[in-house]
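Chains as they are written, first to last, in our numbering: chain C, 66 to 282; chain Y, 66 to 282; chain B, 66 to 282; chain S, 66 to 282. Idealized CB from N, CA, C, for every residue including glycine.
Number of protein chains: 4
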Amino acid sequence: MAINNVEALFAESLNELELTKKQKSVLRASLTLFSEQGFDRTSTSDIARVAGVSEGTVYKQFKTKEGILKALLGPFIQQVLPKAAGEFLDTFANTNVPDFETFLRRIVADRLTFFETNKLQLKIFIQEILSNSDMAATFINKTVGGAITRITAVMKFYQQKNEIVDWDPVRIVRYIMSTMLGYALPNLIQPDKKLNIEQSTDEVVEFIMRGIGIKKS
Amino acid sequence: MAINNVEALFAESLNELELTKKQKSVLRASLTLFSEQGFDRTSTSDIARVAGVSEGTVYKQFKTKEGILKALLGPFIQQVLPKAAGEFLDTFANTNVPDFETFLRRIVADRLTFFETNKLQLKIFIQEILSNSDMAATFINKTVGGAITRITAVMKFYQQKNEIVDWDPVRIVRYIMSTMLGYALPNLIQPDKKLNIEQSTDEVVEFIMRGIGIKKS
Amino acid sequence: MAINNVEALFAESLNELELTKKQKSVLRASLTLFSEQGFDRTSTSDIARVAGVSEGTVYKQFKTKEGILKALLGPFIQQVLPKAAGEFLDTFANTNVPDFETFLRRIVADRLTFFETNKLQLKIFIQEILSNSDMAATFINKTVGGAITRITAVMKFYQQKNEIVDWDPVRIVRYIMSTMLGYALPNLIQPDKKLNIEQSTDEVVEFIMRGIGIKKS
Amino acid sequence: MAINNVEALFAESLNELELTKKQKSVLRASLTLFSEQGFDRTSTSDIARVAGVSEGTVYKQFKTKEGILKALLGPFIQQVLPKAAGEFLDTFANTNVPDFETFLRRIVADRLTFFETNKLQLKIFIQEILSNSDMAATFINKTVGGAITRITAVMKFYQQKNEIVDWDPVRIVRYIMSTMLGYALPNLIQPDKKLNIEQSTDEVVEFIMRGIGIKKS
DNA sequence: AATGAATGAGTCTTCATTCAT
DNA sequence: CATGAATGAAGACTCATTCAT
């Protein structure tokens with residue numbers, strides 16, 4: 066069964082929910098099971114068993130199985146890009162505008178930490194995006210669109226300062242993201258392995274700076 | 066239902082099968098449906114309907130639903146990395162060893178073409194890898210392991226020629242792959258859009274060469 | 066779920082119950098919901114919500130969902146026929162025995178008023194009788210049987226006075242009841258429409274008197 | 066769960082369905098069970114067991130439990146009133162217009178036979194009408210409305226011939242129907258008892274003719 | 001070879017009922 | 001007394017798979 070109201074995914078927030086201990090246990094069990102086996106291969110009786118509650122309890126707070134998915138992914142999605150964008154803006158709010166490498170390092174470290182913290186949600190999110198075209202479309206429209214505009218502004222700023230190459234900002238963002246993804250992806254497939262954030266950040270920044278930076282003579 | 070014998074996925078090859086017109090139609094329908102909705106959200110009756118055959122016919126050649134998946138992914142998986150590795154070896158078989166950029170351009174163009182051609186299989190493959198840990202483990206053991214060894218040799222070769230930075234070859238391969246992935250991924254989510262192979266190759270190579278290349282003075 | 070102890074339905078009386086404001090609210094909500102959607106399509110949580118109480122409160126007074134039904138129908142059933150029979154007896158207690166038309170008019174007006182007042186209970190009662198054979202059997206045995214005897218006596222009285230045709234009293238009662246039913250039934254289906262008691266009584270009596278009356282020459 | 070597409074009930078006809086032996090068995094079992102226990106108190110596993118088939122088979126032809134209900138009631142509803150109305154028209158197609166008593170006797174015998182033959186469907190139909198307001202509304206709009214017009218014409222015809230009293234035709238029809246109902250209803254509650262059509266018809270006609278007929282002097 | 005009716009285990013979901021707070 | 005979280009037994013429905021025709 067496909068997810069009907071993907072819109073709702075982006076509207077609700079987990080924080081607003083009053084969750085009892087058992088209901089949190091349901092979410093924890095669902096997070097594990099969905100990420101390990103996928104949404105469709107996880108039955109609600111699996112969830113109940115792992116959460117140590119009855120199946121009825123699973124449905125008390127989350128009216129449907131999809132409801133659990135929404136409760137898990139909603140807060141996640143709201144932070145994937147928006148927070149990054151917020152970070153950019155905060156950066157400019159500071160009078161001390163950093164050089165691009167400092168800026169990049171901050172972003173990369175922040176996002177790698179976010180990915181590592183939300184590894185399981187990210188895995189579930191990707192699973193859904195690959196088998197639910199609505200999900201993908203809505204995500205792109207609601208989330209990606211707005212972020213691109215702001216990020217582009219940042220890139221142009223550093224391009225004018227002649228710190229990075231004069232490529233299409235979208236292209237630059239693509240490289241930053243895909244390089245980070247190169248470090249994050251293997252950990253999605255084997256979630257028990259932990260990402261070394263510091264080293265990864267150093268490596269990503271080193272590579273990206275070579276790839277798009279401009280050496281001042 | 067999880068896939069039981071992932072091992073078998075790597076053993077069988079579609080080529081060995083004698084397929085009638087109707088059976089090919091079943092595979093074509095399955096490829097489309099699996100990639101659009103995911104394996105679990107696709108029912109065998111969906112497949113039969115889209116393929117224009119009876120459900121009985123679906124089960125004539127492919128004993129189970131998983132059998133269809135194996136028939137689709139088996140040949141694909143055997144080519145994801147192995148063929149790339151083969152390409153490397155062929156390169157060395159030639160006496161005319163090219164410079165790294167030429168070598169890189171050939172690999173990138175080849176793999177981007179492969180991804181574009183096998184977009185749907187790739188999408189299904191990723192879906193499975195994310196919800197079937199057996200699949201991931203077997204893939205890594207059987208396929209990735211062997212490729213790494215050979216690729217490492219190639220990288221070291223060019224490092225000794227001082228054409229690329231002296232980083233861990235695995236790290237370099239990670240960047241090459243993730244940069245390509247940055248171009249391929251959006252097309253997985255929206256498979257109707259076609260990748261401009263030439264331009265993408267140019268851009269990938271340009272970025273990678275800046276990122277890991279060493280300018281000869 | 067079928068009703069187990071229909072017997073009990075006829076034993077208990079609502080009057081014996083001490084009902085708090087909230088419990089009356091439960092009964093009122095149940096009456097509305099049962100009559101609109103039927104007993105089975107009404108959930109106890111619906112009742113609790115409409116009554117503005119918690120589900121626990123619903124079960125405080127009425128041990129089971131069937132208990133609510135019994136509380137609603139018990140008093141109703143005890144009045145459907147018995148009171149009519151009582152009416153007959155009272156009539157004879159009077160020394161002024163009325164002519165049949167007067168007698169009939171009194172009965173019809175009384176029963177139509179009763180139906181109109183207890184429209185919702187009647188609707189629920191019919192629903193139950195049609196899907197609960199125990200209910201029907203018990204009702205006939207306990208309630209109808211006794212009434213018939215007394216009513217027969219009344220009919221024979223008027224037949225001997227040569228006011229009505231000499232048909233089987235059961236047949237005559239059938240016509241009286243079915244003619245009244247002809248006016249009551251449409252209002253069961255559309256309970257918001259109100260029955261015009263006076264006009265209906267006039268019409269019923271006019272028709273019945275033509276049908277079974279004997280003109281004195 | 067209420068019935069969603071009552072409209073469909075009136076559109077489809079059982080005759081159009083190709084039913085296998087087992088599927089007919091499902092309908093037969095459903096007819097019995099629904100009429101005995103009611104729609105809601107009958108589970109699909111009950112139906113399967115009584116029909117001697119698997120639960121899957123129940124759902125092969127009738128996509129939902131409601132689908133079975135529609136298959137049972139659709140053909141019934143199309144004949145409740147329409148056929149009666151058709152009968153009237155056919156009567157007028159004959160040059161030998163019968164007197165009202167002959168006409169009435171024909172109608173009553175026909176409808177009592179219909180009720181007796183379709184006793185179980187009628188019982189189910191009434192159950193549904195009492196717990197599904199959509200059902201009632203649609204039935205009245207689609208079926209009753211049209212019939213009234215034609216029946217009214219017939220009544221006026223006999224009124225002009227001075228054979229029956231000059232009451233509102235709707236009122237007359239009400240008496241005819243409710244008197245018949247008086248004979249049919251007890252058999253709904255105890256469906257194993259068979260209605261004596263001939264005697265019932267005689268009695269109904271005798272009573273109705275007294276009630277609305279006009280004696281020619 | 002092909003069909004599609006038939007199967008039955010398994011899934012999501014509802015709901016009457018209980019009980020700790 | 002009142003609450004509502006928790007339970008678990010059904011119930012409607014799906015679907016991979018089989019097999020007689």
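- Closest in C-alpha terms to Ser265(B), from the list Phe165(B), Gln102(B), Glu181(B) and Asp111(B), comes Glu181(B).
- Not flagged as an interface residue toward chain B: Lys89(S), since no C-beta distance is shorter than 8 Å.
- In this structure, DSSP gives Gly139(C) a helical state, which the three-state scheme calls helix.
- Counting along the chain, Ile241(Y) sits inside the alpha helix (DSSP H) bounded by residues Pro234 to Ile254.
- Between Glu263(B) and the set Pro163(B), Tyr223(B), Arg171(B) and Gln143(B), the nearest pair of CA atoms involves Arg171(B).
- Bounds of the alpha helix (DSSP H) holding Asp175(B) are Phe165 to Thr182.
- If you look at Thr97(B), you'll find it in the alpha helix (DSSP H) that goes Lys86 to Gln102.
- For Lys281(B), no Cβ of chain S is located within less than 8 Å of the residue's own Cβ.
- Taking 8 Å as the threshold, the shortest C-beta distance from Met242(S) to chain B falls below it.
- For the set Val238(B), Gly210(B) and Asn206(B), the Cα lying nearest the Cα of Val219(B) is the one of Val238(B).
- The Cβ atoms of Tyr240(B) and Val269(B) lie no closer than 8 Å to each other.
- In this model, Pro256(C) and Glu101(C) are separated by some 9 Å (Cα to Cα).
- By the rule that beta-carbons nearer than 8 Å mark a contact, Gly132(S) does not touch chain B.
- At a beta-carbon threshold of 7 Å, none of the residues of chain C lie near Ile112(Y); the nearest stands roughly 16 Å away.
- When CB distances to chain S are screened at a threshold of 7 Å, the residues of the region 185-197 of chain B falling below it are Lys188, Ile191, Gln192, Ile194, Leu195 and Ser196, in chain order.
- For Ser90(S), the number of other beta carbons within 10 angstroms of its own is at least 16, and it is reported as buried.
- Residue state for Gly278(B) is assigned as strand, using DSSP reduced to three classes.
- The C-beta of Ser196(C) has 16 or more other C-beta atoms within 10 Å across all chains shown, which makes the residue buried.
- Taking 8 Å as the cut-off between beta carbons, the residues of the region 236-267 of chain Y near chain C are Arg236, Arg239, Tyr240, Met242, Ser243, Thr244, Leu246, Gly247, Tyr248, Leu250, Leu253, Ile254 and Gln255, in sequence order.
- No residue range can be given for Phe127(Y), since it is assigned to no alpha helix (DSSP H) and is classified by DSSP as neither H nor E.
- Exposure of Ser108(S) is indicated by the presence of fewer than 16 other C-beta atoms within 10 angstroms of its C-beta.
- Taking 8 Å as the cut-off, the Cβ atoms of Val230(B) and Ile273(B) do not count as close.
- For a cut-off of 8 Å, the C-beta gap from Gln186(S) to Leu96(S) is around 7 Å, short enough to register as a contact.
- Shortest Cα-Cα distance from Arg236(S) to any of Asn252(S), Gly117(S), Ala201(S) and Ile216(S) involves Ile216(S).
- Residue Lys184(Y) holds the alpha-carbon nearest to the alpha-carbon of Lys258(Y) among Gly117(Y), Ala136(Y) and Lys184(Y).
- Ile229(S) is bridged by DSSP to Gly278(S).
- Going by C-alpha positions, Asp199(B) is about 33 Å away from Lys86(S).
- In this structure, Asn252(B) lies near Leu260(B), with their beta-carbon atoms less than 8 Å apart.
- In the three-state reduction of the DSSP assignment, Ser196(B) falls in the helix class, which pools H, G and I.
- Within the region 159-173 of chain C, not one residue has a Cβ closer than 8 Å to any Cβ of chain Y.
- Contact of Gln102(Y) with chain C by beta-carbon distance below 7 Å involves Ser196.
- Per DSSP, the continuous alpha helix (DSSP H) segment holding Arg114(B) begins and ends at Thr109 to Ala116.
- By the rule that beta-carbons nearer than 8 Å mark a contact, Ala201(C) touches chain Y.
- Contact annotation: the region 132-143 of chain S does not touch the region 128-137 of chain B, with fewer than three C-beta pairs closer than 8 Å.
- Each residue's CA atom was taken as its position, placing Gln225(Y) and Asp164(Y) some 12 Å apart.
- The contact set of Arg215(S) on chain B, defined by CB atoms closer than 8 Å, is empty, because the minimum CB distance reaches about 20 Å.
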